[in-house]
Amino acid sequence: MFASVTPDRLLAMSEQELRWLDNLKKAFYESDRAYTDGRAHNHCFPELCKAVDTAKTLRRSLRGEDVSSRDNKKRFVEFLNLELPSPESGGFQVQLVDARSGTPVTYSFAQLVYDIRCMVHENENLNAAEAPNYHILIDWSQPHMFYFGSIADGRLTCNGQMIWERVRQILAKFITGIDGMIAYAKIVAGQQEGSFSITISPPLGSVRPGRTGQG
1 MFASVTPDRL LAMSEQELRW LDNLKKAFYE SDRAYTDGRA HNHCFPELCK AVDTAKTLRR
61 SLRGEDVSSR DNKKRFVEFL NLELPSPESG GFQVQLVDAR SGTPVTYSFA QLVYDIRCMV
121 HENENLNAAE APNYHILIDW SQPHMFYFGS IADGRLTCNG QMIWERVRQI LAKFITGIDG
181 MIAYAKIVAG QQEGSFSITI SPPLGSVRPG RTGQG
């Protein structure tokens, strides 16, 4: 995830990169808040997908790569796959039947999240309780994190909490990793004192934007 991204490079982030980082934290925080406020089915994934979009752009910028909007699906999936096992190595893979075209479609975990993102952009929350006509449904009533979901008639009803938590972990590592490397560099340089934590599971609501009013 942090290949070719050094603490010195993070200390030299441009104004645009700092803005992306803050917008990333804002989306992450809003997703957390939706979860704790009982609005998960409508707002957790829209905010989390915004966060992934911003994170993959920020990472590419820090690595000196193209940050245009082209190949967005490929880049979205690539970012998540940095922390996910591939189907070839035993990672998640599922075949469903597209509800709109009637054709078989195969998903990895990252591709599944991207399809959810696309439906979010249609203002569709895929809430299983509302029975939308789609081949991916999200069940927010399932509290067990190790239960992924079930397939019937080519449709997947997946555990919303489990998928949300896994994507949150990937984003948390990226955010706290950046903040941690910056803090480490400043401590070594004698510019600040204290400690830092890089984690995949920060407490809900603990990651907050710092540039109030921007983004």
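The working numbering applies: residue 1 is where the sequence shown begins, and numbers increase by one. Idealized CB from N, CA, C, for every residue including glycine.
Excluding sequence positions up to five before and after Ala183, its CB lies within less than 6 Å of the CB of Phe196, all in the same chain and listed in chain order. Where Val105 is concerned, the enclosing beta strand (DSSP E) starts and stops at Pro104 to Ser108. By the criterion of a C-beta distance shorter than 8 Å, Cys44 is surrounded in its chain by Ser31, Ala34, Tyr35, Gly160 and Trp164, once the five residues flanking it on both sides are discounted. A Cβ-Cβ contact shorter than 9 Å links Met1 with Arg59. Ser150 is the residue among Ser150, Arg168 and Gly190 whose C-alpha sits nearest the C-alpha of Val94. A straight-line Cα-Cα distance of about 36 Å links Ile198 and Ala129.
With fewer than 16 other CB atoms across the displayed protein chains lying within 10 angstroms of its CB, Met145 is exposed. Following the DSSP letters along the chain, one finds Gly149 inside the beta strand (DSSP E) bounded by residues Gly149 to Ala152. Contact check for Asp22 and Gly210: beta-carbon distance about 6 Å, within the 8 Å limit, so the pair qualifies.
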